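Its first residue numbered 0, the sequence shown is counted upward by one per residue in numbering that gives the first Met the number 0. Where is the CB? At the ideal position from N, CA and C, for every residue including glycine. Remember, predicted model here, so these are calculated numbers, not experimental data.
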Amino acid sequence: MFGRKRSGDDGLRANHQEFYRNCLIQIADLESRTADWSGLKGEFAAVWSESEDAASNEITQKVALARRFAIDVESSLATASIETAAKGLNLLQEIVDNAEHQLQGLLVGLVTAQSLRSAGP
């Protein structure tokens, strides 16, 4: 007579799964944008330096860390407590956000340096 209602925990777990899927989408996007730096290096060859090499390597490592951590989080989502799962997901999002911000900062720096160089002294 009565349909089964979803418990609060079931609803939170469903939200966690959606949050996790969104993190995976963001990671895949970052992976596609950082898989090959040669195009960006070519576009900004006049201003690309060792510091950009170091930054691009660090970003690539952070994206790889996000992917590895996502795998760890996935394996614990079904079995971890709601609080533990939420903490893991929040940390995953922080890693993704940090990599995204660092990538955006690199791009802004390159565009600025190229603009200043083309403006001349």
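Between the C-alpha atoms of residue i and residue j, what's the straight-line distance to the nearest angstrom?
| i | j | result |
| --- | --- | --- |
| K44 | A84 | In the sequence under discussion, the amino acid at residue 44 is Ala, which differs from the Lys named in the question. About 43 Å. |
| Q101 | E17 | 25 Å |
| A112 | S48 | 11 Å |
| T33 | A54 | 11 Å |
| R3 | D35 | With a pLDDT of only 44 at R3, under the threshold of 50, the placement of this residue in the model should not be trusted, and no figure is reported. |
| D52 | S37 | 11 Å |
| D96 | Q25 | 9 Å |
| A118 | L64 | 39 Å |
Does DSSP put residue i in a helix, in a strand, or in coil?
| i | result |
| --- | --- |
| F18 | helix |
| V46 | coil |
| T111 | helix |
| T83 | helix |
| D71 | helix |
| D8 | helix |
Compare the C-alpha of residue i against each of the options and name the closest.
| i | options | result |
| --- | --- | --- |
| G104 | D9, E57 and S80 | E57 |
| V62 | L29, G108 and L109 | L29 |
| E99 | R12, L11 and A27 | A27 |
| G108 | L88, N89 and L39 | L39 |
| I94 | D9, C22, R12 and L11 | C22 |
| G87 | G10, A13, Y19 and D8 | Y19 |
| S114 | V72, G41, V46 and S31 | V46 |
Are the C-beta atoms of residue i and some chain E residue less than 9 Å apart?
| i | result |
| --- | --- |
| D9 | Absence of chain E from the displayed structure is noted, only one protein chain being present. |
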